[in-house]
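Novice: Submitted below is the structure of interest, expressed as structure tokens.
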């Protein structure tokens, strides 16, 4: 079974990775699958990759 965890993008780096906050913990993840993400967006993380931007609506 696979599990994706939601987190908030805190900072984006030039190497197409980002700092993502998950429950107060900061993780670094690849943005290769969703390059259109911005700081403040919420994304789903799986295996070190941001895989989808979560719609706030």
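Numbering (our numbering), first residue to last: 4 to 60. Where a beta carbon is used, it is the ideal one built from N, C-alpha and C, also for glycine.
1) For residue 10, report the span of its beta strand (DSSP E) as first-last.
2) Compare the beta carbon distance of residue 23 and residue 53 with 8 angstroms and say whether it is the shorter of the two.
3) Between the Cα of residue 34 and those of 28, 27, 4 and 44, spot the shortest distance and give me the residue it belongs to.
4) For residue 55 versus residue 42, is the C-beta spacing smaller than 8 angstroms?
5) Which stretch, first to last residue, makes up the beta strand (DSSP E) that contains residue 31?
Specialist: On the basis of the supplied data:
1) Counting from one through the chain shown, the residue named residue 10 turns up at place 7. Unbroken beta strand (DSSP E) run through residue 10: 8-15.
2) Here residue 23 is taken as the residue at index 20 of the chain shown, counted from 1. Here residue 53 is taken as the residue at index 50 of the chain shown, counted from 1. Cβ atoms of residue 23 and residue 53: closer than 8 angstroms.
3) Numbered from its first residue, the chain shown carries residue 34 at position 31. Closest option to residue 34, Cα to Cα, is 44.
4) The residue labelled residue 55 in the question sits at position 52 within the chain shown. The residue labelled residue 42 in the question sits at position 39 within the chain shown. Taking 8 angstroms as the cut-off, the beta carbon of residue 55 is found no closer than this to the beta carbon of residue 42.
5) Within the chain shown, the letter at position 28 stands for residue 31. Here the beta strand (DSSP E) through residue 31 covers 28-33.
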